[in-house]
Structure formats: structure tokens, C-alpha cells
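Report on the following structure.
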Amino acid sequence: MTVPYEFMMTTHLFLHTNNYRPNELKAAVAEKSEWIERIQRQFDEVLQRRPVTVDWYAEHANELFDDEETLYRYLKEVYDYVFSNGPWPETEG
Numbered sequence: 260m261t262v263p264y265e266f267m268m269t270t271h272l273f274l275h276t277n278n279y280r281p282n283e284l285k286a287a288v289a290e291k292s293e294w295i296e297r298i299q300r301q302f303d304e305v306l307q308r309r310p311v312t313v314d315w316y317a318e319h320a321n322e323l324f325d326d327e328e329t330l331y332r333y334l335k336e337v338y339d340y341v342f343s344n345g346p347w348p349e350t351e352g
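According to the numbering used here, the stretch in the sequence shown is residues 260 to 352, in order.
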């Protein structure tokens, strides 16, 4: 499975451990741009189809997770924080 491009770029720009800024992504959501709508659709797709592997995430976000269940629990926390009123996502890797 292929990881959607905007999701890949969002991971690198906002969730990479060297520049971890999900708060900036959350602020961008308020602008309701076409780009944000695409990001949300692709995030939904990633959470549903689960194309992201632990190795892929380590390469693109520089964050290690023990297994995919932990990774996807974290990605769901990021989604809930950015697109809803969820708490700050906690990395468990």
C-alpha cells in the first residue's frame, strides 16, 4: 500500500521528532483550506487502511514505535488532537 503524499509531507513537517509541532497543524485546521481538507481525508484513509508501517514512520518522522498497534494508537491521538478536541498526543515509541 502507498502512503498518501500529503500525509507523508505532514508527518515530515509537523510530526518529525526534530520539529514536533502538532499545535501548528491544529492552528492551520481553523483556516479550512483545501490543503487541510486533503490532509484530513488522507489521515482518515491512513487510519482506515493502515498503510503506514513502524519502519516507514521511523524513516519519515524519526520516531520509533514497538509495533503497529502502538503506532496507530498514537496516530489516532494526533488525529483527535488536530481535528477534534483531543488531548496533546503522547508518543510511546
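All C-beta atoms in this analysis are idealised placements derived from N, C-alpha and C, irrespective of residue type, glycine included.
Here the structure is a predicted model, which means the values were calculated and not measured.
Within a 10 Å sphere around the beta-carbon of Leu-274 sit 16 or more other beta-carbons, which makes this residue buried. Note on Leu-272: under 16 other CB atoms within 10 angstroms of its CB, so exposed under the neighbour-count rule. Bounds of any alpha helix (DSSP H) do not take in His-271, whose DSSP letter is neither H nor E. Membership of Leu-306 in the alpha helix (DSSP H) is indicated by the continuous run 293 to 308. The three-state reading of DSSP puts Glu-265 in helix, counting H, G and I together.
Where Thr-276 is concerned, there is no enclosing alpha helix (DSSP H), because DSSP gives it neither an H nor an E.
The region 281 to 298 and the region 313 to 325 do not touch, with fewer than three beta-carbon pairs separated by less than 8 Å. Glu-293 and Met-268 have their C-alpha atoms roughly 15 Å apart.
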